[in-house]
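The working numbering puts the first residue of the sequence shown at 12, with every later residue one more than the last. Inspection log for the structure reproduced underneath, given as structure tokens.
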Amino acid sequence: LIRLCAEEDREAVWALINRAVGYAAHLAEGDEEAEQTLKTVQYQLAHTWHSKLGWKDHESDDPNTKHLRQTMLGLMVGAEDAETLNTAIAMFDQAPSLDQLPAEQRGLIIGAKVRHSKDVDIDALLDAYQQTHNPDMQMAITGGLCRARDPEVIAHIVESAIGEHGFARPQDIFRWFAYLMRSRYTRETAWQWLTSSWERLEKVFGSSKSFDYFVVYAAAPINTLEWEKRFHEFFEPHLKNILLERNIRIAYKEIAARVAWRERDEAGLLDYLRQSVN
12 LIRLCAEEDR EAVWALINRA VGYAAHLAEG DEEAEQTLKT VQYQLAHTWH
62 SKLGWKDHES DDPNTKHLRQ TMLGLMVGAE DAETLNTAIA MFDQAPSLDQ
112 LPAEQRGLII GAKVRHSKDV DIDALLDAYQ QTHNPDMQMA ITGGLCRARD
162 PEVIAHIVES AIGEHGFARP QDIFRWFAYL MRSRYTRETA WQWLTSSWER
212 LEKVFGSSKS FDYFVVYAAA PINTLEWEKR FHEFFEPHLK NILLERNIRI
262 AYKEIAARVA WRERDEAGLL DYLRQSVN
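Have a look at this one:
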């Protein structure tokens, strides 16, 4: 099946394959062996097309080819392929400025540098975010910084960007929080920030229709009993808030469904992954 998928040349089909890989990553999260096996599967899926398409777009490329190139790059970086990561880091290091990086690949390249390079200047990236007025650049920097794995670095990013005196505009705080909740490496820090900052956030957003975004983004990645319990314990007292009640109750149901899904399918997925790479 992996071989047949790897031969597929339609980006629309790859969008479905990529989604399946994402779902598998949710089920494998936290299991080191399963995560590594999934990276191997990603490499097997993408390396043939990546070797053909490379990094650079060409004038003769049709839209399908351009989208396919980006999909393969995402899979190869996600697979933590050494050659791909080294190329991304070299592109970052050699670029005179962030706006000289390919726009479509900028977030991917920044993320590779942040996650896999020991000499990344986090403060320079935080400064670059504040100095630009380009929302696409800010989004790329946010996504890249939220790929961090070092707990001290993550804490520094959170405090600098969305802490009490952080530089992020109120409307951008939601994006930072959503990105931080996605990764298991940053999720704990993001959750601690949410729960410890709730009173302040309530003062800023409490009368806004966007306040319930915190509920939605907090719930989105949760698929374990432990996290389900923590979510309930924190949000249960806030059911009395009419602005939050509906989305809290929806989140309860969605989390319960994902927990049941993981308990039902995780073992089967892990067996399939092991067989696929052997």
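Think of the CB as a built atom: it goes at the ideal place given N, C-alpha and C, for glycine as much as any other residue. For clarity, every value in this text was computed on a predicted model and none was experimentally measured.
Three-state secondary structure (DSSP) at residue i?
| i | result |
| --- | --- |
| S171 | helix |
| S221 | helix |
| C157 | coil |
Under DSSP, the alpha helix (DSSP H) around residue i begins and ends at which residues?
| i | result |
| --- | --- |
| Y263 | I253 to S287 |
| V131 | From DSSP, V131 is part of no alpha helix (DSSP H); its letter is neither H nor E. |
| A114 | Per DSSP, A114 belongs to no alpha helix (DSSP H) and is neither H nor E. |
| S207 | R198 to F216 |
| G89 | P74 to G89 |
| W66 | Premise fails: W66 is in no alpha helix (DSSP H) and is neither H nor E. |
| F225 | Y224 to A230 |
| A179 | Where A179 is concerned, there is no enclosing alpha helix (DSSP H), given that its DSSP letter is neither H nor E. |
| A94 | Ala is not the amino acid found at residue 94; the sequence shown has Glu there. First-last of the alpha helix (DSSP H) with E94: A93 to Q105. |
| I28 | E22 to A39 |
| L109 | Note, L109: premise wrong, no alpha helix (DSSP H); not H, not E. |
Take residue i as the anchor and find which of the options has the nearest alpha-carbon.
| i | options | result |
| --- | --- | --- |
| D104 | M83, A57, G85 and H127 | H127 |
| K77 | L38, L49, S171 and G65 | G65 |
| E22 | A114, R80, Y34 and K67 | R80 |
| N145 | D110, V125 and A135 | D110 |
| R211 | L236, I173 and I28 | I173 |
| A151 | H167, G122 and E91 | G122 |
Buried or exposed: which applies to residue i, given that a residue is buried once 16 or more other Cβ atoms fall within 10 Å of its Cβ?
| i | result |
| --- | --- |
| R160 | exposed |
| F178 | exposed |
| Q142 | exposed |
| A230 | buried |
| P232 | buried |
Between residue i and residue j, which are expected to be in contact by the criterion C-beta below 8 Å, what is the C-beta distance as a whole number of angstroms?
| i | j | result |
| --- | --- | --- |
| V32 | Q53 | 6 Å |
| R285 | T82 | Not really, about 25 Å apart at Cβ, beyond 8 Å. |
| M102 | H58 | Not really, about 19 Å apart at Cβ, beyond 8 Å. |
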